[in-house]
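Residue numbers for the sequence shown follow our numbering, so the first one is 686 and each next one is one higher.
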Amino acid sequence: MIQVGIIGASGYTGLELLRLLENHPEVEVKVVTSREYAGKTLREVFGFSGRWADLFFEKPDPQQISERVEVVFLCLPSGTAQEVAEFFWRKGIKVIDLSADFRFKNLETYSKTYKIEHRFPELVKRAVYGLSEIYAEEIKKTYLVGNPGCYPTSILLPLIPLIKEHLIHTDLIIADSKSGTSGAGRKAENYYSFCEVNEDFKAYKVTTHRHTPEMEEKLSEASGNQVRLIFTPHLLPVNRGILSTIYVKFRNSLEKIYEYLRDFYKEKIFVEILPLGSYPRLSEVKGTNFCKIALFEDKERGMGVIISVLDNLIKGASGQAIQNMNLMFGLPEDLGLPKSPMFV
């Protein structure tokens, strides 16, 4: 059994990890940390039943934790995670970081985006970006994964293969994404309260969202040239899910591009390219580790439209983190991960 620690387990991504890992046959969660709830069980605080219900939250003590685990999931704020990751990595413990601290190769971009200086530039060089379907071979060999953001996962999965194959133009890419409120994390702010969100729909951080530089870096790596992305996120009055609509210029016919993307992902369990004319829905991926993608073309205007959907807490965060853990330990990629959606 793989001995697991979850550092920062009382937020949405940490709780989702616990929920998903309950169905993983090769895992034993040994440590869950929370400064706020230290000394209390998961049953007491969050009403858990099942395998992990009587686990006590602990205050984070990296030295003591390192003696009990083989892998840690870091569900910590960006800037805080890097030091914790470096400690566990030096102890020979595998690290999957759900913050942004190890997503970027260009640390100048990271510092500008997050207003944080990275203290471990040499470790950044060893980290692998955890977009599972694209970087699986690298993930299998690393001890440190920077788990992607939720919006980037929904946009990079359809775009990277097409850019690498020169099937779309990269001079103008526009992405318009809608996310459920859990994407903002578990925090008390008026902006995300029920009456502020219910029966409303709004854009936010237009042209300034911090996932934009992350996506531009990965798209530029795939292209070999600088790629610019116009990205606009929106807040949906739902708990979970992301739907991204991406506007690009095709270099080939819709049919050829569809065939290429379908063939590229045919052996990838968790990415489904829908038949032409199909519309992906949040209800089809809610509660699963799937990303579903559909392709359309506006021939009169010479534009392609790509729509992707995923569950932001699973494929966009904790599920992809477990998928990466499976790769790192040589396990089947889909082990312990849900495939059937929660329709209601």
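The beta-carbon is built from N, C-alpha and C at its ideal position, and this holds for glycine as well.
Integer Cβ distance of residue i from residue j, believed to fall under 8 Å
{"i": "Leu740", "j": "Thr726", "result": "6 Å"}
{"i": "Leu852", "j": "Asn937", "result": "6 Å"}
{"i": "Cys760", "j": "Gly834", "result": "The Cβ separation is near 14 Å, so there is no contact."}
{"i": "Glu701", "j": "Leu998", "result": "5 Å"}
{"i": "Phe975", "j": "Lys1000", "result": "6 Å"}
Cβ-Cβ distance between residue i and residue j below 8 Å
{"i": "Thr794", "j": "Pro898", "result": "yes"}
{"i": "Lys825", "j": "Met1013", "result": "yes"}
{"i": "Ser968", "j": "Arg925", "result": "no"}
{"i": "Ile927", "j": "Val994", "result": "yes"}
{"i": "His709", "j": "Leu1020", "result": "yes"}
{"i": "Ile778", "j": "Val813", "result": "no"}
{"i": "Ile691", "j": "Phe758", "result": "yes"}
{"i": "Gly815", "j": "Asp786", "result": "no"}
{"i": "Ala723", "j": "Lys744", "result": "yes"}
{"i": "His894", "j": "Phe916", "result": "yes"}
{"i": "Leu783", "j": "Thr718", "result": "no"}
{"i": "Leu959", "j": "Lys971", "result": "no"}
{"i": "Phe805", "j": "Gln767", "result": "yes"}
{"i": "Leu946", "j": "Pro843", "result": "yes"}
{"i": "Val923", "j": "Gly865", "result": "yes"}
The beta strand (DSSP E) enclosing residue i, as first and last residue numbers
{"i": "Thr976", "result": "Reading the sequence as shown, one finds Cys at residue 976 and not Thr. Note, Cys976: beta strand (DSSP E), 976 to 983."}
{"i": "Val712", "result": "712 to 718"}
{"i": "Phe758", "result": "756 to 759"}
{"i": "His688", "result": "It is Gln, not His, that sits at residue 688 in the sequence shown. From DSSP, the beta strand (DSSP E) with Gln688 extends over 687 to 692."}
{"i": "Glu957", "result": "956 to 958"}
Beta bridge counterpart(s) of residue i as assigned by DSSP
{"i": "Ser864", "result": "Leu920, Ile927"}
{"i": "Ser993", "result": "Ser929, Ile978"}
{"i": "Glu901", "result": "For Glu901, which the question treats as bridged, DSSP gives no partner whatsoever."}
{"i": "Leu914", "result": "Ile858"}
{"i": "Glu743", "result": "Thr718"}
{"i": "Lys887", "result": "Leu920"}
{"i": "Ile819", "result": "Beta-bridge pairing links Ile819 to no other residue."}
{"i": "Ile750", "result": "Note: Ile750 sits in no beta bridge, so no partner."}
Cβ shell of residue i (< 6 Å), same chain only, five flanking positions each side left out
{"i": "Ile992", "result": "Thr930, Pro965, Ala979"}
{"i": "Ile750", "result": "Gly690, Val716"}
{"i": "Gly693", "result": "Gly699, Cys760, Leu761"}
{"i": "Glu982", "result": "Leu939, Gly989"}
{"i": "Ile859", "result": "Ile915, Tyr932"}
{"i": "Val780", "result": "Val757, Ala770, Phe773, Trp774, Leu829"}
{"i": "Ala738", "result": "Leu727, Arg728"}
Nonlocal neighbours in the same chain, by C-beta distance under 7 Å from residue i, ignoring five residues either side
{"i": "Lys890", "result": "Pro918"}
{"i": "Phe949", "result": "Pro846"}
{"i": "Met686", "result": "Glu711, Val712, Glu713"}
{"i": "Leu857", "result": "Lys934"}
{"i": "Gly987", "result": "Lys934"}
{"i": "Val754", "result": "Gln688, Val689, Gly690, Lys715, Val716, Ile778"}
Sequence-distant residues of the same chain with beta carbon closer than 8 Å to residue i, five excluded per side
{"i": "Glu1018", "result": "Ser817, Ala821, Ile954, Phe955, Gln1008, Asn1011, Leu1012"}
{"i": "Ile848", "result": "Thr855, Leu904, Ala907, Ser908, Val912"}
{"i": "Arg720", "result": "Lys744, Pro745"}
{"i": "Leu841", "result": "Leu816, Ile819, Pro833, Met900, Lys903, Leu904"}
Delimiting residues of the alpha helix (DSSP H) encompassing residue i
{"i": "Leu829", "result": "Counting along the chain, Leu829 falls outside any alpha helix (DSSP H), though it belongs to the beta strand (DSSP E) covering 829 to 831."}
{"i": "Lys779", "result": "No alpha helix (DSSP H) holds Lys779; the beta strand (DSSP E) holding it covers 779 to 782."}
{"i": "Asn937", "result": "Here Asn937 belongs to no alpha helix (DSSP H), and DSSP marks it neither H nor E."}
{"i": "Glu771", "result": "766 to 775"}
{"i": "Gly1004", "result": "1004 to 1013"}
{"i": "Ile848", "result": "835 to 849"}
{"i": "Phe733", "result": "Careful: Phe733 lies outside any alpha helix (DSSP H) and carries neither H nor E."}
{"i": "Phe879", "result": "879 to 882"}
{"i": "Arg1041", "result": "Nothing about residue 1041 can be read from this structure; the chain reaches only from 686 to 1029."}
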